[in-house]
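Notes for the one structure printed next.
Residue numbers (the working numbering): 279 to 1427.
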């Protein structure tokens, strides 16, 4: 075996790393050859590199994606190895020929091999070798089983000098890096630095043992740091969960406010509907009451017997007829319904702005400004004098205390919730006669007042209507509001009074329906026991406060027409009798009349005499049982007479007949029907005295009524009957008109309901739209926290991966330097061992950088969720650390363009203000570049140190960054440009030009060929290329200011638009991170946001806190100086801004 190894070494087919015969010999670009497996173990320590450094000569070999597998095979060495294995029984010869023990004379089968002793050992020798630790301590032994399985090798184990055969190689020449024998030192290595083999190998072993121990410690250190990273990850997860919790809490809070806003608006529309219903119901009720009043009045004036109307009964009949005439002549008022419809159709839902949490408002017709009165002095106070006038007081110097909130108190000092004024406004209340509370919110600087109507509810005020705002001349914050009438307010401020007309606000408090009674009638004292209303004997006689008596049932019918009144007007004298809750039932009985009625009934066989004794026919001589009674004829009629009476219409047309059945059932009365004169017994009362209002006979007329206005009874009663018939017909027609109007009211009600539903639909639509925005806002914020967590995870995973890689690198390096056999390290194998040991030393001496984790934690702990204002729809924003403002450099002239020169400097051009450019360093120094004498409108820096300068509309100049005097000029085909182009360069040194038109031009690095011309939607002033070949375009201070992503075919994504009054300036760094500065010049404020390119879109990653800077111009510039520094230029200032730590690169996923 030793001889085989010696021969292999002599043929140079041993790998310098494993010191064994080459296995799959792979060659590096430098020509050195190693086992493929050894190179893979070596490469495991350098997986972050795209190349391999030769362990012997340090030359670099580029690796493709397959890494070691892609290295070429050294076929020459492979041929030698194959030849070697062929001459020694094949590659498995050591496995096929069992080695014998060389440590004893028994020559038993070897079970192990000691690298230090160079001996194969049988079982007994292996046992003794392992137990004699004082002699063989730390000797490295390999099992023959491992050799057979291929997990260990023996390699070159000979210690005989190949020159001086008997001599042992017990010495080591450090100059030649070979083992030699004593003779070799005398002949070939005189004056060389010589070490004893044992000392050298001991020294190497000690170093290897030390490096193994330190490697284990370093790996433990890395493992502990990995655990610390996981611990920090949990802290980060907790912080992210807290952020998400704050976002969700803000979402819930704003959602509740949005729902409450929707509820209040829907309630407002429901209140509007209720008011409309009340108004319509009041109108309907009024119509129904008038219909009932007409019916009741008709029932009183059109009773079955009209021929005996005289004195009080005629007075009552006339008065009721006159009042009924008044009802019939009264026109139906269409105005209330028309006003109501006008009010509803002019009521709109006005959505609030998209950025406001408020859904909007229900817009009521504005208060109309009437007369504006100029006062001689500033008003101090005023009060109502009448419905169209007021009193004003003046007091110099009095301005009162402006009211910032209102509260309702009771007389015991208890109070309700206040109504607070908005900032900068004051409240002034007024209460009208219907307890409606008007509150004017006065904004004196804006010259605007806002009046709202409230309804008192206990100790709180509930808003009913919010009128449109009014713009008035307000010279003072002390104001006054009073109510003059139901539809007029007076508002005073300073030396002016405004009379304001209130639009329709629903039904007024119930107004009494006009009495159907006529003017006061002349009091007539009844001298009989007949009711003036029904002309029948009193039934339950009830007396009014005036002394007039009527049947209780007649008064109840009369009262039905006046249920809205709390009193009763006497049908005769018009005096008022107060009614309690029981109304007619509560009136006192007239016991005197009741006694007379009882006496009358007693003398006539009782009250039911007509029912107990069947009346007989008085119209014929047969005297049959009466079935009816004719009021006009005054006769009872049997069935035959009744039949004849009803058919002889020529004689009896218009006669009113009552059935005896109705009399028996009590639904009709006959009453006093005699027609004989009480004075002249045998004379009929065929005449009527209109002056005395009584029926009389001819003799009475001659004796007592001479010169009076006398009418024939029949003519008078026919006249009354005609009036009654006419009034009955007109009453029927009028009732039909009221019924039709009631139907019209119901039709309008449906229209109102439809309008209200549309209002509610608009409110709900606004709610859903804002809810969607709120949800989207929440989603974006949660996505932002998730992205933050992803970035942190990527950073921590990258750190962990780095540590794992270093642990693997240490393990791989240790496996190469701590090879089982160290005594034969010489020449290339010793060089490789030393180089790998040095690399390992570098790994072990490398201090674990705690800063990245600390930066991530700083970034997380300083990231806050800042809730938006209560009135905004926005939930809030993530507050990231502020960019630190480093050096602020003053420039000699306003800048026109800047570019990055190095990681600590930029170049600045001044346009037509001055020729040449300046170099501005991070430390604040400003150095003028070599004088060239041309203007620099914009400037760009190619990676080959070429400076590209925009000179004029179509000219660019090329200079060397080292020697500006060496220049060349080229005219570019910038055919659509109207100004000097603004320049940037791509990673391939292409020149990108934009100059405020609708094109972006891309030229080759020399500017001689235009490769692309991209049509743009805006007019870009800047265009920047990313490594992914998309172009970031910005219209900068052109309006609208937008940033948009284009590909080279002209396709584009959605823009990022500037807020009103702001302009956008982008920058792209070496990691393809896109920074956009939103510049608000008037406010002196910029806000920088970091975006990640995703196709043709930019995804927001971080929005940094705003910076307050001196901004003298709207033309600005932003460039990336390094991975942690930006330069922002405006006017004559350059600000170097430090990007906060922990912001993860976003280009590579």
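In this text, a Cβ means the ideal position worked out from N, Cα and C, and glycines have one as well.
Margin query: Between residue 1141 and residue 1161, how many whole angstroms is the CB-CB distance? I'm expecting something under 8 Å.
Written below: One-based indexing of the chain shown puts residue 1141 at position 863. One-based indexing of the chain shown puts residue 1161 at position 883. So it is not a contact: roughly 14 Å between Cβ atoms.
Next item on the list: Give the single residue among 1246, 302 and 743 whose Cα lies nearest to the Cα of residue 348.
Entry: Here residue 348 refers to the residue found at position 70 of the chain shown. Nearest of 1246, 302 and 743 to residue 348, Cα basis: 302.
Check: With a Cβ-Cβ cutoff of 7 Å, do residue 1194 and residue 1204 count as a contact?
Finding: Translated into positions along the chain shown, residue 1194 becomes position 916. Translated into positions along the chain shown, residue 1204 becomes position 926. No, they are not a contact pair.
Note to self: So, for residue 1060: in the same chain, excluding its five sequence neighbours on each side, which residues have a beta-carbon less than 7 Å away from its beta-carbon?
What the structure shows: By 1-based counting over the chain shown, the position of residue 1060 is 782. Excluding positions up to five away in sequence, the list reads 522 and 525.
Notebook entry, point to check: Fully enclosed by the stretch 1330-1399, which alpha helix (DSSP H) runs are 4 residues long or longer?
Noted result: none
Checklist line | residue 693: first and last residue of the uninterrupted beta strand (DSSP E) it sits in | finding: On the chain shown, residue 693 is found 415 positions in, with the first residue counted as 1. Note, residue 693: premise wrong, no beta strand (DSSP E); not H, not E.
Next item on the list: Identify whether residue 414 lies in helix, strand or coil by the three-state DSSP scheme.
Entry: For the purposes of this step, residue 414 is taken as residue 136 along the chain shown, with counting starting at 1. If DSSP states are grouped into helix, strand and coil, residue 414 belongs with the helices.
Check: Can residue 988 and residue 967 be called in contact, C-beta distance under 7 Å?
Finding: As a position in the chain shown, residue 988 is number 710, starting the count at 1. As a position in the chain shown, residue 967 is number 689, starting the count at 1. Contact flag set, yes.
Notebook entry, point to check: With contact counted as at least three CB pairs below 8 Å, one residue from each stretch, are the stretch 1077-1086 and the stretch 317-326 in contact?
Noted result: yes
Checklist line | residue 1322, enclosing beta strand (DSSP E) - first and last residue | finding: Against the chain shown, residue 1322 aligns to sequence position 1044. Counting along the chain, the beta strand (DSSP E) containing residue 1322 begins and ends at 1320-1324.
Item checked: Secondary structure, beta strand (DSSP E): runs of 3+ residues fully inside the stretch 469-513 -> 472-474
Margin query: On the DSSP bridge list, what partners appear for residue 387?
Written below: As a working note, residue 387 is residue 109 in the chain shown. 378.
Check: Does DSSP classify residue 1401 as helix, strand or coil?
Finding: Working through the chain shown from its first residue, we reach residue 1401 at position 1123. Of the three classes helix, strand and coil, the one that applies to residue 1401 here is coil, per DSSP.
Item checked: Contact under 7 Å by Cβ, residue 727 with residue 748 -> The count along the chain shown starts at 1 and reaches residue 727 at position 449. The count along the chain shown starts at 1 and reaches residue 748 at position 470. Yes, these two residues count as a Cβ contact at 7 Å.
Margin query: In this structure, how does DSSP classify residue 1151 when only helix, strand and coil are distinguished?
Written below: By one-based count along the chain shown, residue 1151 stands at place 873. Three-state result, residue 1151: coil.
Check: beta strand (DSSP E) containing residue 598: first to last residue?
Finding: Translated into positions along the chain shown, residue 598 becomes position 320. Segment 589-607 is the alpha helix (DSSP H) holding residue 598; no beta strand (DSSP E) there.
Checklist line | Buried/exposed call for residue 906, threshold 16 Cβ in 10 Å | finding: As a working mapping, residue 906 is identified with position 628 in the chain shown. So residue 906 ends up on the buried side.
Next item on the list: Would you kindly work out how many angstroms separate the C-alpha atoms of residue 400 and residue 1111, rounded to a whole number?
Entry: Reading the chain shown from its first residue, position 122 is the one you call residue 400. Reading the chain shown from its first residue, position 833 is the one you call residue 1111. Spanning the two alpha carbons is a distance of roughly 31 Å.
Notebook entry, point to check: Bridge partners of residue 330, per DSSP?
Noted result: As a working mapping, residue 330 is identified with position 52 in the chain shown. DSSP output for residue 330 lists 339 as bridge partner(s).
Notebook entry, point to check: Thinking just about the alpha-carbon of each residue, which of 688, 499, 1220 and 711 is nearest to the one in residue 736?
Noted result: As a position in the chain shown, residue 736 is number 458, starting the count at 1. That would be 688, whose Cα lies nearest to the Cα of residue 736.
Check: If residue 385 and residue 379 are in contact, beta carbons under 8 Å, what's the gap, nearest whole angstrom?
Finding: As a position in the chain shown, residue 385 is number 107, starting the count at 1. As a position in the chain shown, residue 379 is number 101, starting the count at 1. Yes, they are in contact, since the Cβ atoms of residue 385 and residue 379 sit about 6 Å apart, within 8 Å.
Check: On the premise that residue 1134 lies in contact with residue 1073, defined as a C-beta separation below 8 Å, what is that separation, rounded to the nearest angstrom?
Finding: Position 795 of the chain shown, counted from the first residue, corresponds to residue 1073. Position 856 of the chain shown, counted from the first residue, corresponds to residue 1134. Confirmed, Cβ separation roughly 5 Å.
Note to self: For the alpha helix (DSSP H) containing residue 1175, name the first residue and the last one.
What the structure shows: Counted from its first residue, the chain shown places residue 1175 at position 897. Not the alpha helix (DSSP H): residue 1175 falls in the beta strand (DSSP E), residues 1175-1180.
Item checked: Continuous beta strand (DSSP E) stretch holding residue 865: start and end -> In the chain shown, counting from the first residue as 1, residue 865 sits at position 587. Unbroken run through residue 865: none, as it is neither H nor E.
Notebook entry, point to check: What's the call for residue 1441, buried or exposed, on a 16-neighbour Cβ count within 10 Å?
Noted result: The requested residue 1441 is not part of the displayed model; the chain covers only 279 to 1427.
Check: When the Cα of residue 314 is compared with those of 398, 1047 and 355, which residue comes out closest?
Finding: Residue numbering aside, residue 314 sits at position 36 when the chain shown is read from its first letter. Closest by alpha carbon: 355.
Note to self: On the DSSP letters alone, give me the boundaries of the alpha helix (DSSP H) that residue 979 sits inside.
What the structure shows: Position 701 of the chain shown holds residue 979. Run containing residue 979: 976-982, per the alpha helix (DSSP H) assignment.
Next item on the list: Apply the 10 Å Cβ neighbour rule to residue 1070 and answer buried if 16 or more other Cβ atoms are within range, or exposed otherwise.
Entry: Looking up residue 1070 in the chain shown gives position 792. With 16 or more other Cβ atoms within 10 Å, it is buried.
Next item on the list: Taking residue 897 as the reference, give the member of 630, 922 and 1066 with the closest Cα.
Entry: The residue labelled residue 897 in the question sits at position 619 within the chain shown. Nearest option by C-alpha distance: 922.
Next item on the list: Go ahead and label residue 1427 buried or exposed: buried means 16 or more other beta carbons lie within 10 angstroms of its beta carbon, across all protein chains shown.
Entry: For the purposes of this step, residue 1427 is identified with residue 1149 of the chain shown, where counting begins at 1. Per-residue confidence for residue 1427 stands at a pLDDT of 34, beneath the threshold of 50, marking its modelled position as unreliable; the derived number appears in the next sentence. Residue 1427 should be labelled exposed.
Check: Is it true that the CB of residue 648 sits closer than 7 Å to the CB of residue 745?
Finding: Along the chain shown, one-based indexing puts residue 745 at 467. Along the chain shown, one-based indexing puts residue 648 at 370. Taking 7 Å as the Cβ cut-off, residue 745 and residue 648 do not qualify as a contacting pair.
Notebook entry, point to check: Thinking just about the alpha-carbon of each residue, which of 1114, 1409, 936 and 892 is nearest to the one in residue 912?
Noted result: Counted from its first residue, the chain shown places residue 912 at position 634. Comparing Cα-Cα distances from residue 912 to each of 1114, 1409, 936 and 892, the minimum goes to 936.
Notebook entry, point to check: How far does the alpha helix (DSSP H) with residue 731 in it reach, from first residue to last?
Noted result: Counting from 1 along the chain shown, the entry for residue 731 is found at position 453. Run containing residue 731: none in the alpha helix (DSSP H); it sits in the beta strand (DSSP E), 726-735.
Item checked: Other residues of its chain near residue 932: CB distance less than 7 Å, five sequence neighbours each side excluded -> Here the question's residue 932 lines up with position 654 in the chain shown. Hits under 7 Å: 999.
Notebook entry, point to check: Roughly how many angstroms lie between the CA atoms of residue 1240 and residue 1269, to the nearest whole one?
Noted result: Here residue 1240 is taken as the residue at index 962 of the chain shown, counted from 1. Here residue 1269 is taken as the residue at index 991 of the chain shown, counted from 1. So the two alpha carbons sit approximately 20 Å from each other.
Note to self: Closest to residue 929 by C-alpha separation, out of 910, 918 and 939, would be which residue?
What the structure shows: As a first step, residue 929 must be located in the chain shown, where it is residue number 651. Of 910, 918 and 939, the residue nearest in Cα terms is 910.
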